[in-house]
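K.L.:
If you read the sequences in order, they're chains A and B. Position one of the first sequence corresponds to residue 149 (this note's numbering), numbered consecutively onward. Position one of the second sequence corresponds to residue 847 (this note's numbering), numbered consecutively onward. Let me begin by handing over the structure; questions about it come next.
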Amino acid sequence: MTEVAEAGRSGVVPIHPGVFESEAQGEPRLVGTHCRGCGAHFFPRRAVCARCLSSEVEVVPLSPAGTLHTYTVVYQSTPEFPTPYILAYVDLPEGVRLLAPLAGVPVDQVQIGMPLRLRVEPVRTDPEGRTILGYRAYAAGGAA
Amino acid sequence: MTEVYAIGIGMTKFGKHPDRTVADLGTEAVLEAIRDADLDPRAIQAAYCGHVFQGMVAGQRVLAQTGLAGIPLTNVEDACSSGAVAVREAALAIRAGEHDVVLAWGMEHLTGRFRGAFTPAEDDLEAALGLTMPAIYAMRARRHMEEFGTTRRQLALVSVKNKRNASLNPLSQFQTPVTAEEVIASRPIADPLCLYDCSPVSDGAAAVILCSDRLARKVTTRRGIRLAAAALRTGEVESGLTSMAFEPLTRKTAEAAYEQAGLGPEEIDLAEVHDCFSIAEILRVEGLGLFPVGEYPARLERGEADIGGVLPVNPSGGLLGKGHPLGATGVAQVVELVRQLRGEAGERQVAGARVGLAHCRGGKAAGIEGAACTVNILAA
Chain A
149 MTEVAEAGRS
159 GVVPIHPGVF
169 ESEAQGEPRL
179 VGTHCRGCGA
189 HFFPRRAVCA
199 RCLSSEVEVV
209 PLSPAGTLHT
219 YTVVYQSTPE
229 FPTPYILAYV
239 DLPEGVRLLA
249 PLAGVPVDQV
259 QIGMPLRLRV
269 EPVRTDPEGR
279 TILGYRAYAA
289 GGAA
Chain B
847 MTEVYAIGIG
857 MTKFGKHPDR
867 TVADLGTEAV
877 LEAIRDADLD
887 PRAIQAAYCG
897 HVFQGMVAGQ
907 RVLAQTGLAG
917 IPLTNVEDAC
927 SSGAVAVREA
937 ALAIRAGEHD
947 VVLAWGMEHL
957 TGRFRGAFTP
967 AEDDLEAALG
977 LTMPAIYAMR
987 ARRHMEEFGT
997 TRRQLALVSV
1007 KNKRNASLNP
1017 LSQFQTPVTA
1027 EEVIASRPIA
1037 DPLCLYDCSP
1047 VSDGAAAVIL
1057 CSDRLARKVT
1067 TRRGIRLAAA
1077 ALRTGEVESG
1087 LTSMAFEPLT
1097 RKTAEAAYEQ
1107 AGLGPEEIDL
1117 AEVHDCFSIA
1127 EILRVEGLGL
1137 FPVGEYPARL
1147 ERGEADIGGV
1157 LPVNPSGGLL
1167 GKGHPLGATG
1177 VAQVVELVRQ
1187 LRGEAGERQV
1197 AGARVGLAHC
1207 RGGKAAGIEG
1217 AACTVNILAA
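In structure tokens form, the structure reads like this:
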């Protein structure tokens, strides 16, 4: 895999350095750190294992499937984020919890514990007009 | 080991001071602390200044105004814990034997600098995803409601209590009590939190002078209040999926502080805790072990955390009522504890208070539970 960096695709920048990688010709995927010593996973990536301090760590793709730990509807934010929008913490089977915007689900149908699926996709454009590649969570099985 | 005493305190009114500079606010608090300690300012050997958004060497501008220029000064940044960390650094300098009389103060001028919601640092992954500070706490609130049956009204009652206490504190930003209905009807910020569940944008400064037991009686006639513990921890990298309705960082910092002080949560008579949001006070007192996990909302509802209750929480008005000028907050908590333990807190005096605890917690970065957490314990 290679990191999706600023020059990776014309006019596309990752939302944060080091969160995506892609196989040759493949779609970018969310990646985290896996510790070969104790098996723990981390997101975002860590230089050493935060649990056992081993430096025998590798970059691995993260599961796109998870469940909703908690969520909120944000009504007041900074200017680049039009409100309202839903944010959720998503628990992945590797034991990783990550924050993701939740899309395609009406607020009254959002529930703690609901299955979600993470999708890597363009989320907005930056002030220079470049596409920012980010990720969002959707209800698993719904909103194809 | 050298004991550390708080011998002088000073604090500006917290609120909107659009016509004053941060150095002006800091100067007022520092000069008041020197007067309060009844101290020759030449006795002060070093200083620590907590601030977050005030730019380079903001502390030096206050030294220049107060006749203290020349002494060693460290500007301290640890988000909302900055002031509390400054107090701890001052105490460490005394315990290390390097100095005997050390000034710690915190100051912040936010009016005009900020509108709306705070976010983690701009280059943080979660900030890039749209995370705001109210949103983090809103998500923690939802977990607390899910796991313990905490109600929207119980969340609001934290703000009701703290704004009521603030109305008894002339230095508070808010001087008017609110009802639970008013809290719930205020503008939504991050569901379930509304405007009155959030601490305000504030300007202000607070200062404390610390002194070794060796010199305390020589430099002042003031009775010192002993700083029995000053603990600091940073948030650990999250590994595994523990509930966001509980704060391991607060618990671990509290355990370190109780060990230093040689006492337990049952011996705390009053607490000033970091209620940046209504839910935050719930998470803090449960994390500190002051109330059993999941039980605080019901106990609060019964009045147990009121002034005059079993364990008064945020008698000063807290961040929700007194205001939250970031760098000043941790020092202002210590100022309140000193007032209370001296018996000088006026209408909001906690009767018979002998041991007080101050808790601060600030900052967030992706994948860690929180950035910096402090617990300072003072004893009469």
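Note that beta-carbon positions come from the ideal geometry of N, C-alpha and C, so glycine has one too.
1. Out of curiosity, what's the CA-to-CA distance linking A:Val161 and A:Leu281?
2. From B:Val903 to B:Asn921, what does the alpha carbon distance come to, in whole angstroms?
3. Rounded to whole angstroms, what's the CA-CA distance from B:Cys895 to B:Glu1147? Just pull it up for me.
4. Mind pulling the chain A residues with CB within less than 7 Å of B:Pro1034?
5. Take B:Glu905 and list the residues in its own chain whose beta-carbon comes closer than 6 Å to its own, dropping the five residues that flank it on each side.
6. Count the other C-beta atoms from every protein chain shown that fall within 10 angstroms of the C-beta of B:Asp1210, then say buried if there are 16 or more, exposed otherwise.
7. Does any residue of chain A have a CB that is nearer than 8 Å to the CB of B:Thr978?
8. Within the continuous alpha helix (DSSP H) that includes B:Glu1027, where are the two ends?
9. B:Ala1002 and B:Ile1035: beta carbons closer than 8 Å?
10. A:Asp239 touches chain B at which residues, Cβ-Cβ below 8 Å?
11. Quick one, are the C-beta atoms of B:Gly952 and B:Ala932 less than 8 Å apart?
12. Run through chain A and tell me which residues come within less than 9 Å of B:Asp1049, C-beta to C-beta.
13. Checking 8 Å against the spacing of the C-beta atoms, do B:Glu849 and B:Arg1072 come in under that value?
14. I need the DSSP call for A:Glu206, collapsed to helix, strand or coil.
15. Taking the straight line between their C-alpha atoms, what separation do you get for B:Phe899 and B:Leu956?
16. Going along chain A, which residues have a C-beta under 8 Å from B:Leu975?
17. Could you confirm whether any beta carbon from chain D is found closer than 8 Å to the beta carbon of A:Thr273?
18. Which residues, in chain order, does the region 192-220 of chain A contribute to contact with chain B at a C-beta distance below 8 Å?
19. My parser needs the beta strand (DSSP E) runs of 3 or more residues fully inside the region 1142-1214 of chain B; what are they?
20. How would you call A:Ser202, buried or exposed, if buried means at least 16 neighbouring beta carbons within 10 angstroms?
21. Please confirm if A:Gly277 has its CB atom under 8 Å from at least one CB of chain B.
22. Entirely within the region 1028-1071 of chain B and at least 4 residues each: give me those alpha helix (DSSP H) ranges in chain order.
23. Select from B:Glu1028, B:Val868 and B:Glu1141 the residue whose C-alpha is nearest the C-alpha of B:Leu1041.
24. What does B:Asp1115 reach in chain A if we use C-beta pairs closer than 8 Å?
25. What would DSSP say about B:Val1131, mapped onto helix, strand or coil?
26. Which residues mark the beginning and the end of the alpha helix (DSSP H) in which B:Glu972 is found?
27. Starting from the N-terminal side, write out each stretch of the beta strand (DSSP E) that is 3 residues or longer and does not extend beyond the region 943-968 of chain B.
28. Taking 8 Å as the threshold (C-beta atoms), are B:Ala1103 and B:Val1221 in contact?
29. For chain A, find out if any of its Cβ atoms is closer than 8 Å to the Cβ of B:Val1029; answer yes or no.
30. In three-state DSSP terms, what is A:Pro162?
31. Could one say the Cβ of B:Gly1213 lies closer than 8 Å to chain A's Cβ atoms, at least one of them?
32. At a CB-CB cut-off below 9 Å, which residues of chain A make contact with B:Val876?
33. What does the alpha-carbon distance come out to for the pair B:Ala1100 and B:Gly1176?
34. Checking 8 Å against the spacing of the C-beta atoms, do A:Arg267 and A:Arg284 come in under that value?
35. Between which two residues does the alpha helix (DSSP H) carrying B:Ile917 extend?
36. Drop a sphere of 10 angstroms on the beta-carbon of B:Thr1067, count the other beta-carbons inside from all chains shown, and report buried for 16 or more, exposed for fewer.
P.N.:
If we stick to the structure as given:
1. 6 Å
2. 7 Å
3. 38 Å
4. Tyr223
5. Sequence inspection shows Gly at residue 905 of chain B; the Glu mentioned does not correspond to that position. Only Cys895, Leu919 and Asn921 meet the Cβ criterion.
6. The question names Asp, yet the displayed sequence has Lys at residue 1210 of chain B. Buried, since its Cβ has 16 or more Cβ neighbours within 10 Å.
7. yes
8. Ala1026 to Ala1031
9. no
10. Leu1087
11. yes
12. The premise fails here: B:Asp1049 is roughly 21 Å from chain A at the closest Cβ pair, so nothing lies under 9 Å.
13. yes
14. strand
15. 8 Å
16. Ile163, Leu235, Leu247, Ala248, Pro249 and Gly282
17. Absent from the structure: chain D. Protein chains present are A and B.
18. Pro192, Arg194, Ala198, Arg199, His217, Thr218, Tyr219 and Thr220
19. 1201-1208
20. exposed
21. no
22. 1059-1065
23. B:Glu1028
24. Simply none; closest approach about 34 Å.
25. helix
26. Leu971 to Ala974
27. 947-955
28. yes
29. no
30. strand
31. yes
32. Chain A residues near B:Val876: none, gap ~34 Å exceeds 9 Å.
33. 15 Å
34. yes
35. Per DSSP, B:Ile917 belongs to no alpha helix (DSSP H) and is neither H nor E.
36. exposed
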